Structure formats: structure tokens, C-alpha cells
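Q:
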Amino acid sequence: MIEQEPFAQADADWLELIAQARDWLAGPIGGMMLAEEQQLLIDELERYFGGYLVHYGPHAELPASTGNIQRGVRLGPPLPGVEIACDEAAWPLGEHAADVVLLQHGLDFCLSPHRLLREAARSVRPGGHLLVVGVNPWSAWGIRHYFARDALRRARCISPARVCDWLNLLGFALEKRRYGCYRPPLASAAWQARLARMESWGPVLQGSGAGFYLLVARKLVVGLRPLRQLRREPRGQLVPLPVAKVSRRDSES
Numbered sequence: 001m002i003e004q005e006p007f008a009q010a011d012a013d014w015l016e017l018i019a020q021a022r023d024w025l026a027g028p029i030g031g032m033m034l035a036e037e038q039q040l041l042i043d044e045l046e047r048y049f050g051g052y053l054v055h056y057g058p059h060a061e062l063p064a065s066t067g068n069i070q071r072g073v074r075l076g077p078p079l080p081g082v083e084i085a086c087d088e089a090a091w092p093l094g095e096h097a098a099d100v101v102l103l104q105h106g107l108d109f110c111l112s113p114h115r116l117l118r119e120a121a122r123s124v125r126p127g128g129h130l131l132v133v134g135v136n137p138w139s140a141w142g143i144r145h146y147f148a149r150d151a152l153r154r155a156r157c158i159s160p161a162r163v164c165d166w167l168n169l170l171g172f173a174l175e176k177r178r179y180g181c182y183r184p185p186l187a188s189a190a191w192q193a194r195l196a197r198m199e200s201w202g203p204v205l206q207g208s209g210a211g212f213y214l215l216v217a218r219k220l221v222v223g224l225r226p227l228r229q230l231r232r233e234p235r236g237q238l239v240p241l242p243v244a245k246v247s248r249r250d251s252e253s
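If you count by the UniProt record's numbering, then the sequence shown holds residues 1 to 253, one letter each, in order.
1) Gly207 by DSSP, collapsed to three states: which one?
2) Under 8 Å, do Trp14 and Ala151 count as touching if we go by C-beta distance?
3) Could you name the residues of the same chain whose beta carbon sits closer than 6 Å to that of Cys110, not counting the 5 residues immediately before and after it, in chain order?
4) Please classify Asp11: is it buried, with 16 or more other beta-carbons within 10 angstroms of its beta-carbon, or exposed?
5) Where Cys157 and Asp108 are concerned, what is the direct C-alpha to C-alpha distance, given to the nearest angstrom?
6) From the DSSP secondary-structure annotation, give me the bridge partner or partners of Val221.
7) Taking the beta carbon of Ala121 as the centre, do at least 16 other beta carbons fall within 10 Å, making it buried, or is it exposed?
8) Measure how close the beta-carbons of Gly67 and Arg74 come, nearest whole angstrom, since I'm counting them as under 8 Å.
9) Helix, strand or coil: which one does DSSP assign to Arg22?
10) Would you mind giving the Cβ-Cβ distance between Arg96 and Arg118, rounded to the nearest angstrom? I have them listed as a contact below 8 Å.
11) Quick one: using the 10 Å Cβ neighbour count with 16 as the cut-off for buried, is Gln104 buried or exposed?
12) Grouping DSSP H, G and I as helix and E and B as strand, with all else coil, what is Glu5?
13) Would you list the residues sitting across from Tyr213 in a DSSP beta bridge?
14) State yes or no: is the C-beta of Leu215 within less than 8 Å of the C-beta of Cys181?
15) Going by DSSP, name the residue or residues bridged to Gln104.
16) So, are the CB atoms of Val54 and Ala98 less than 8 Å apart?
17) Give the C-beta separation of Val132 and Gly211 to the nearest angstrom, bearing in mind that I take them to be a contact with Cβ-Cβ under 8 Å.
18) Quick one: what's got a C-beta closer than 6 Å to Asp93's C-beta in the same chain, skipping five residues either side?
19) Beta-carbon separation of Leu45 and Arg178 under 8 Å?
20) By alpha-carbon positions, which one of Pro78, Ile69, Ser112 and Leu79 ends up nearest to Leu102?
21) Nearest to Arg47 by CA position, among Gly171, Glu61, Val100 and Ala85, is which residue?
22) From what residue to what residue does the beta strand (DSSP E) around Arg71 run?
23) How far does the alpha helix (DSSP H) with Phe147 in it extend, from its first residue to its last?
24) Since Pro161 contacts Gly209 with CB under 8 Å, what's their CB separation in whole angstroms?
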């Protein structure tokens, strides 16, 4: 019997999409955005504690530091650097298995963003966090994606407001939005260095024109259902009866 290769039945378009996105992130333009993301993620992950962080996205490397999280696991298609190969909508994880799930451009480069987001949300434990990194459509990067000839052309560039609506429907509360990469998508390393000062404009611009966004959402804890209290029937009250007044003269007679 001939053994089949892993994921022999996987969607060829999906595998090609992820491979192209990985090559783009390794290039000069995608690499500039990725470097800014890694700095932001290292700062954000310092806040979290727990056992497992699950990373999904074309980029197969975890941030340089995962803070106080004990173990990071990389999910995705059967490509180098992926520890657990799986379909985007069928993660081999139990429900509530992860303390933190990081979708780093996973929604940008996927076949079904709704199915992927539901699978990621299912894997987060109550009280855990889901982090979503995506290309900001309201930026020079979002405009370039319409004219690009590389993998950025195939990115979905879903707006952060729409992703927030989806997270709300899945039982998550948005804690914060963060933005980064204010430099335009230029391939020249010399121009990237000259415009590096633009990254300090973030606090002033408040996300306007940033190349990517980071959404941090917490999974709401479902409380116990309160028991229905039994109805208490009103009891009768003792009402004092009027007492007739008797004078001393009447009592002597």
C-alpha cells in the first residue's frame, strides 16, 4: 500500500496562497511590516500568563519573547517551521485549550475568514485572549494592495471595525487597538531607513495611516445560571382589634 503524503487532499489554492504570503513577508516590504509587528507583539505578550500560546499565520515564527507563557505552538499548513499541520478551519485542539491565540495575518490570507475566526475563538479558554494582526485597509498599504503584483494583492485587508463586530458576536470583549508601521510600503532599504522616523508619529496619528492593526480581545466568562427563586405566598398579618374604653364610674356601678 502506498502511503500518501501529509495533506495530500488539502486545497491547492490554500497552500499556494500561504506559500506566496510567506515569501512576501520574507521580502523587503513585508519584512519591514513584520519587524514592526514583532516589536509590538513582544510588548503586548508581556502582560499574559498561562500554559499555551497558539500562533496561526503565514509567518511561521513566534515572537522573540512570549512573556510569561510557558509554551508556544505554531499551527498551519505543512510548511517549514509549522509544528502542527492542520486545515485553517479544523484545528486539532480541544475546546478552551489555549490561554492566548495569535492570528498574525491569518485573516488576510485565508479562504474563509469566518470559519478561521470561529475555530480560533473556540480554542481560547474563558478569560483568555485572542490577538488579531491584519493589514489596515485605510492606509497606503491598503491602497497598494489593489495595484500590487505580489502576494499583497491577494490579501483580504479586512477593516478592524468589521473584525471587532465578528469578535463581539463570538463572545469577546475588545480591550484595545494598537497600530504600527507608518512608513509607506517602499522596497528600497535606503528609503526605509530615511523614513524610519515616521514610526514615532504613532501616538500623534492615533492609528490613522498605519500599515497594520493589532486587536486584543478577551473571551467573556459565562457565569452560572441563577436558580429561580420560589414564589413566596403572602401570609396574613395579625391586626389588633379595637378595645372598648371603660370608665371608672361604669366599673364601680
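All C-beta atoms, glycine included, are put in the ideal place defined by N, C-alpha and C.
The model shown is predicted, which means the values in this text are computed figures rather than measured ones.
A: Working from what's here:
1) DSSP places Gly207 in coil when its eight states are reduced to three.
2) Note that the C-beta distance between Trp14 and Ala151 is not below 8 Å.
3) The beta carbon of Cys110 is closer than 6 Å to those of Glu88 and Leu116 in its chain, skipping five residues each way along the sequence.
4) Asp11 is classed as exposed because its beta carbon has fewer than 16 other beta carbons within 10 Å across all chains shown.
5) Using only the alpha carbons, I get a separation of about 6 Å.
6) According to DSSP, which records beta bridges pairwise, Val221 is partnered with nothing at all.
7) With 16 or more other CB atoms across the displayed protein chains lying within 10 angstroms of its CB, Ala121 is buried.
8) Not quite, the Cβ-Cβ distance comes to about 17 Å (not below 8 Å), so this is no contact.
9) Of the three classes helix, strand and coil, the one that applies to Arg22 here is helix, per DSSP.
10) Checking the sequence shown, residue 96 turns out to be His, not Arg. In this structure His96 is not in contact with Arg118, their Cβ atoms being roughly 14 Å apart against a cut-off of 8 Å.
11) Burial is judged here by how many other beta carbons sit within 10 angstroms of a residue's own beta carbon; Gln104 has at least 16 and is buried.
12) Only weak support is given to the placement of Glu5: the predicted model assigns it a pLDDT of 48, under 50, and the value that follows is read from those uncertain coordinates. DSSP places Glu5 in coil when its eight states are reduced to three.
13) In the DSSP assignment, Tyr213 forms a beta bridge with Gly134 and Tyr179.
14) Cβ distance not < 8 Å, so Leu215 and Cys181 don't count as in contact.
15) In DSSP, Gln104 forms a bridge with Val133.
16) Yes; because the gap between Cβ atoms is below 8 Å, this pair is in contact.
17) Contact annotation, Val132 with Gly211: C-beta distance approximately 15 Å; criterion of less than 8 Å not satisfied.
18) Reading off the sequence shown, one finds Leu at residue 93, where the question assumed Asp. So the list reads Ser123, once near-sequence residues are dropped.
19) Going by beta carbons, Leu45 and Arg178 fall outside the 8 Å limit.
20) Check the Cα spacing between Leu102 and each of Pro78, Ile69, Ser112 and Leu79: the tightest is with Ile69.
21) Looking at the Cα atoms, Val100 is the closest of the given residues.
22) Here the beta strand (DSSP E) through Arg71 covers Asn68 to Gly76.
23) Start and end: Ala140 to Phe147.
24) The sequence given here has Ala at residue 161, not Pro. That belief does not hold up - the Cβ atoms of Ala161 and Gly209 are roughly 16 Å apart, past 8 Å.
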